[in-house]
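J.: For my numbering, add 263 to where a residue sits in the sequence shown, where the first one is 1.
Heads up, the beta-carbon is just placed ideally off N, CA and C, and yes, glycines get one too.
This structure is in structure tokens; I'll ask about it shortly.
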Amino acid sequence: MKRFVLLTAMLSLTMTSFSQFPDRDTLGRSDKFRILVDKVISPPNKWKFTPAMMQEIKDAGFNVVSPRIGGHDLAVCREQTKMAYDAGLYYMAWMRGTLNAKQDVRMVWEDGAEQNLCSPNSDEFWEWTTDLVLGHARISVDIPTFIGSFLDYENYSPNSRGNCYGLSYDLKILAEFGKSIGRAIPELPPAERHPWLVKNKLDGQFRTFQINSWRERCRRLREQVDAINPKFQFIVYPAPGTLFMLEAVCHEWGTEQAPLILADAYTYGRPSEFMDEAPSLIANRKLLLDNMARIRPMGVPHLYSGGIDPVVKGADPEFCGKNASMISEVTDGYWIFYEGPSYTKEDHGVYFEWFGRANAEIARGVYDLQHVPRSEPENLGDTKVNRKTDKPQLGVYGMKKLQSDDIAKAGVFEVHNVTGMSVEYLKQLDVVLLQNFNLPLPTDSDISRNLRAYVEGGGALLLGHDTAWFMESMFPEIAVRDFPKNKVEAVRHVVDTPLVVSEAHPAVGSVAVGTSFPTEFRDHMIFKPGPSGRVVVRNAFGDPVYVLGQVGKGKVVFSGCYYGYHNPLSGHEKEVFTSTLNWLAAKP
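This is the structure:
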């Protein structure tokens, strides 16, 4: 009897304390998410949280905490959850959505690249994921403020071909597919598996089979979680998502009682470190609305959260606070991957001051902070190029070091990373190459106007790969983006297709017309030439890939290629690229 009375008293105390929390069902709805994933506060204490740290997060107006370290250890999870509970915070357990493989079923990408990651078809992977998630769910029964598991599907492993997961061409899933159609699939080397499926017109069936396999496994895990706690939620990053996330997770892990929470990373900082605050917030808003538009029509139970990361260039404290305000107005709340600042009053303290201002408004359903005039001067990049030689000055953006080093080694150019976007800065460079500068900028944006003015004044510009596709063309007389019809991925990419020199021109050097050559990177963009654009390289389908011309006193090249992703360029591709740079640098 005494034991029963004691148990009743403890339960009453727990329920009384829990009743002081905001209603769980309002989170992400009337009470917008304000989630802190911490890599700043706990690291100075060897990643161990203290009650004072949790209280600091609560006092700044956050309603959910997710320590970056500890989610894989159930004892630590329980301790962190209780500490968060005592501070009045909900809790999410951060965990990797990937696992280094100890067994043989590894991730094999379409091009044959194999990673030391478990395939999404691996029993090892699913057993590990299931054990950890169910462990989290059991803690949530004891401490109801444990919301769910925050799964990170970013691909951090060497030899990556994208975030996790795309289709895997491991022998396990191929054998299972073969059995399902009553046909033996040969055990081919990794690079030959996808081509064999295409040649035998089985690639579509294989895709459907593998996705259905993922969905079955995801469904089984959701059912196991529901048997423990049907309100337990999955939080997945990076949204909108990979093939695995969009085709399996989105359909199976969200329920009416426990909507899937999607964590977007497209709004981590400014779209470009060279953009002013106001247009950056407008651009981020558009990115979120576009990304949500991919998910909303699916009709799956979900909540959507935009991300912030102070380590990203341009993500200063004031911008981050205003970004939180904007994100929360258009989504179900925001989350911070909190890294970059040092845990000091002068650094972390300023970030928390701005987040605190945003959180206080957001909690009241007010989103005015994003519209407040800038209080601190903006640092939008350098104004001076540190020139060291008399060589032509080449500025590159988004190029991997292995390729920029290869250019510098040839001795023709002095190579700089582009660190400014003012006309004053650009004029100090003979050639500017923008690659992976993937901003959906209108032609009247400051950056677009500056680039146009730079070229008209005598500058030379190469717009490479996605850069020239995302931007509204500021040189429509030369080229505009086009939509391919052959071997297409992600709307704009032509994959696994060689290029062909189509016109003799100094920009292709001595490579003869009709010469076909492979590219180091597996995909490319295509363009529609304008009245002043000359097509010097096409793909095997005849689509324009290199389009060039003169604008004012300067020169422009639209190139659909990505230069030096895995290895420096070689062969005919290197000669064409080098000749293109030389043509751009040559004075009229």
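Report yes or no: do three or more beta-carbon pairs, one from the segment 700–719 and one from the segment 792–806, lie closer than 8 Å?
T.: No contact exists between the segment 700–719 and the segment 792–806.
J.: Is Val-574 helix, strand or coil when you go by DSSP?
T.: coil
J.: Relative to the C-alpha of Arg-712, which candidate in Arg-424, Gly-375 and Val-686 has its C-alpha closest?
T.: The option with the nearest alpha carbon to Arg-712 is Val-686.
J.: When the distance is taken between beta carbons, is Phe-413 closer than 7 Å to Met-355?
T.: yes
J.: Determine the DSSP secondary structure at Asn-830, reduced to helix, strand or coil.
T.: coil
J.: Pop quiz: Glu-719 and Lys-816 are said to be a contact at Cβ under 8 Å. What is the actual Cβ separation, rounded to whole angstroms?
T.: 7 Å
J.: Mind pulling the beta strand (DSSP E) runs of 3 or more residues that sit fully within the segment 458–514?
T.: 496–502
J.: Closest by CA to Phe-780, which one among Val-819, Lys-818, Ala-731 and Val-839?
T.: Val-839
J.: Would you decide whether Pro-851 is buried or exposed? Buried here means 16 or more other CB atoms lie within 10 Å of its CB.
T.: exposed
J.: Quick check: the segment 471–484 against the segment 447–461, are there 3 or more CB pairs under 8 Å?
T.: no
J.: Using 8 Å as the Cβ pair cut-off and three pairs as the minimum, do the segment 333–341 and the segment 491–508 touch?
T.: The segment 333–341 is not in contact with the segment 491–508.
J.: Express the C-alpha separation of Ala-323 and Arg-637 in angstroms, rounding to a whole number.
T.: 21 Å
J.: Taking 6 Å as the limit between beta carbons, can you name the residues of its chain near Leu-566, skipping five residues before and five after?
T.: Gly-291, Pro-522, Ile-524 and Asp-595
J.: Rounding to the nearest angstrom, what Cα-Cα distance links Val-268 and Lys-345 in this structure?
T.: With a pLDDT of only 36 at Val-268, under the threshold of 50, the placement of this residue in the model should not be trusted; the figure read from the coordinates follows. One C-alpha to the other measures close to 23 Å.
J.: Name the two residues that bound the continuous beta strand (DSSP E) containing Val-754.
T.: Where Val-754 is concerned, there is no enclosing beta strand (DSSP E), given that its DSSP letter is neither H nor E.
J.: Report all residues from its chain with a CB closer than 6 Å to the CB of Val-613; omit the five preceding and five following residues, and keep chain order.
T.: Pro-580
J.: Taking just the CA atoms, how far does Gly-674 sit from Pro-458?
T.: Straight across, the Cα-Cα distance linking Pro-458 with Gly-674 is about 40 Å.
J.: Please check the pair Phe-738 and Val-814, which I expect to be a contact at CB under 8 Å, by giving their CB distance rounded to whole angstroms.
T.: Contact flag correct, Cβ pair sits at about 6 Å.
J.: Going along the chain, which residues of its own chain have a beta-carbon closer than 6 Å to the beta-carbon of Ala-621, five neighbours each way excluded?
T.: Gly-584, Ala-587, Ser-588 and Leu-632
J.: Which same chain residues, not among the five before or five after Ser-833, have their C-beta less than 8 Å away from its C-beta?
T.: Glu-783
J.: For Phe-472, which residues of its own chain have a beta-carbon under 7 Å away from its beta-carbon, when the five flanking residues on both sides are left out?
T.: Here Phe-472 has Phe-440 and Ser-443 as same chain residues with Cβ atoms under 7 Å from its own Cβ, once five neighbours each way along the sequence are excluded.
J.: Do you know how far the Cα of Pro-761 is from the Cα of Arg-446?
T.: 32 Å
J.: Enumerate in chain order the residues of its own chain whose CB-to-CB distance from Met-555 is below 6 Å, with the five nearest sequence positions on each side excluded.
T.: Tyr-567
J.: Classify Lys-748 as helix, strand or coil using the three-state DSSP reduction.
T.: coil
J.: Please state whether DSSP places Thr-843 in a helix, a strand or coil.
T.: Correct three-state label for Thr-843: helix.
J.: Specify, as a first and last residue, the run of the beta strand (DSSP E) that Asp-252 falls within.
T.: Not covered by the structure: residue 252. The range shown for the chain is 264 to 851.
J.: Taking Ile-590 as the reference, give the member of Asp-553, Ala-848, Glu-609 and His-611 with the closest Cα.
T.: Asp-553
J.: Is the segment 485–500 in contact with the segment 367–382, if contact means three or more CB pairs nearer than 8 Å?
T.: no
J.: Using the DSSP secondary-structure output, state which residues sit across from Asn-680 in a beta bridge.
T.: The partner list for Asn-680 (beta bridge, DSSP) reads Val-659.
J.: Measure from the alpha carbon of Cys-481 to the alpha carbon of each residue in Asp-386, Ile-558, Lys-549 and Met-538, then state which is nearest.
T.: Asp-386
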